[in-house]
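Per our numbering, residue 3 is the first one in the sequence shown, and the count goes up by one each step.
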Amino acid sequence: MTAEQGMREELRGGTGGAGDGGDLESSVIDNGIDVVLVTGLSGAGRGTAAKVLEDLGWYVADNLPPQLIARMVDLGLAAGSRITQLAVVMDVRSRGFNGDLDWVRSELATRDIVPRVVFLEASDDILVRRYEQNRRSHPLQGNQTLAEGIAAERAMLAPVRA
3 MTAEQGMREE LRGGTGGAGD GGDLESSVID NGIDVVLVTG LSGAGRGTAA KVLEDLGWYV
63 ADNLPPQLIA RMVDLGLAAG SRITQLAVVM DVRSRGFNGD LDWVRSELAT RDIVPRVVFL
123 EASDDILVRR YEQNRRSHPL QGNQTLAEGI AAERAMLAPV RA
């Protein structure tokens, strides 16, 4: 299943994508805004997921600092706002990523919002093939091999995936 198919299935409430398994289309709570945090392995399809969400009418932001995520939600909560579905793509390249994700969840909880987290992943073989096709280096590769960069990212994101 492609990342796009998985995201569409997840949004319909199926089991095609990674995440918390909830029905994203019907998760708007009384405050009127639905928030989804999209994250996962580099090369696993976050960009594709963002495009799918945009096609489905979601307002999508990519790589915002955590403080701006909370402010965007505040804009959505404001009277007369047209933002009812907000998806934010979060990237491991952010410093303190795991702490940032926890902070965002905590901040949104003060607004009675429980964001859904969609975690995208792919096999090492798929990720290697994608990076080789694009002739780009992995963001955590540095002076290591591509496989080592992917392994480092998997280890870094293990708590988020759990």
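Just so you know, even glycine gets a beta-carbon here, dropped at the ideal spot from N, CA and C.
| Check | Outcome |
| --- | --- |
| Alpha carbon of residue 87 to alpha carbon of residue 44, nearest angstrom | 24 Å |
| Nearest to residue 47 (by Cα), restricted to the options 108, 124, 154 | 124 |
| CB-CB length for residue 89 against residue 40, believed under 8 Å | 6 Å |
| Same chain only: Cβ atoms within 8 Å of residue 30, ignoring 5 sequence neighbours per side | With a pLDDT of 45 at residue 30, under the threshold of 50, the modelled position of this residue cannot be trusted; read the value that follows with caution. Taken in chain order, the residues that qualify are 36, 86, 87. |
| Extent of the continuous beta strand (DSSP E) to which residue 63 belongs | 61-64 |
| Residue burial classification, residue 122 (beta-carbon count within 10 angstroms, cutoff 16) | buried |
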